[in-house]
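Counting in the numbering used here, the final residue of the sequence shown is number 355, and the numbers go up one at a time with none missing. All C-beta atoms in this analysis are idealised placements derived from N, C-alpha and C, irrespective of residue type, glycine included. Every value quoted in this text rests on a predicted model; they were computed, and no experiment measured them.
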Amino acid sequence: MSSRSELRVETPVSVVELMRLAGANRRVRRIVTYQARQSETVGVYLGGRLAAAATLFPEGPHVRELCLLFDPSARGAMLRLVRVAQLMLRPLAEHGVVIVARIRTSNRAGRRMARLAGFLETDAEGGRLWIWRG
């Protein structure tokens, strides 16, 4: 999908659409289903197709964990998706919500995207915990 495709943001995202992004792994599908039922969900559509989805999973009264799912077609629009994330996370942070992400140290693309979006790596959880600083 071209990065020039029309971008549309919608909330909530249906569990059926999230399952398409989650893939065939039963464990991942179970986690995504749980997160979707407990979280706010946001979908980013490129050219009418769900390219990325985010859940903001409540970890406490003022803490949300950002979890992301991507379709391979989103690769060409990654910088646009980073900008959407920044625009959506800033108002939450301005209202006192701490946004965290957990990224495996082996996930180079995820770590790069987190940096671009404004997350800072911490030493917590073996370097897996990132905090959004904008």
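Discussion item. Threshold first: 3 residues or longer. Then list the beta strand (DSSP E) segments lying entirely within the stretch 265 to 351, N to C.
Written reply: Runs of the beta strand (DSSP E) inside the stretch 265 to 351: 270 to 281, 284 to 291, 319 to 323, 340 to 342.
Worksheet item: Taking the DSSP output, what are the residues bridged to Glu261?
Response: Per DSSP, the beta bridge partners of Glu261 are Leu277.
Discussion item. My assumption, with CB atoms under 8 Å, is that Pro233 sits in contact with Thr262. Please give the rounded CB distance.
Written reply: Cβ atoms of Pro233 and Thr262 come within 8 Å of each other, at about 5 Å.
Worksheet item: When the Cα atoms are used, what is the spatial distance from Asp344 to Ser327?
Response: If I take the Cα positions, the gap works out to 15 Å.
Fill in: Exposure label - Glu227; buried when at least 16 CB within 10 Å
Answer is exposed; the Cβ neighbour count stays below 16.
Item to complete: Output the boundary residues of the alpha helix (DSSP H) element that contains Val236.
Response: Here the alpha helix (DSSP H) through Val236 covers 236 to 243.
Worksheet item: Going by the CB atoms, is the gap between Ser294 and Phe278 shorter than 8 Å?
Response: No; because the gap between Cβ atoms is not below 8 Å, this pair is not in contact.
Worksheet item: How should Gly264 be labelled, buried or exposed, when 16 other C-beta atoms within 10 angstroms of its C-beta is the threshold for buried?
Response: For Gly264, the number of other beta carbons within 10 angstroms of its own is at least 16, and it is reported as buried.
Worksheet item: Just the Cα atoms here: how many angstroms apart are Val219 and Gly281?
Response: Beyond the ends of the chain as shown, which are 222 and 355, falls residue 219; an answer cannot be given.
Fill in: Inter-residue Cα distance where the pair is Arg248 and Glu315
Near 34 Å, if we compare the C-alpha coordinates of Glu315 and Arg248.
Item to complete: Report yes if the C-beta distance between Leu341 and Leu290 is below 8 Å; otherwise report no.
Response: It is not a contact, given that the beta carbons lie outside the stated cut-off.
Discussion item. Considering only DSSP beta bridges, list what Glu231 is partnered with.
Written reply: Paired residues: Gly264.
Discussion item. Buried or exposed for Leu271, going by 16 or more other Cβ atoms inside 10 Å?
Written reply: Classification for Leu271: buried.
Discussion item. Using a Cβ-Cβ cutoff of less than 6 Å, which residues in the same chain neighbour Ala273 once the five nearest sequence positions on both sides are dropped?
Written reply: Setting aside the 5 residues that flank it on each side, Ala273 is surrounded in the same chain by Val265, Phe291, Ala295, Leu302, each with a C-beta closer than 6 Å to its C-beta; the list follows chain order.
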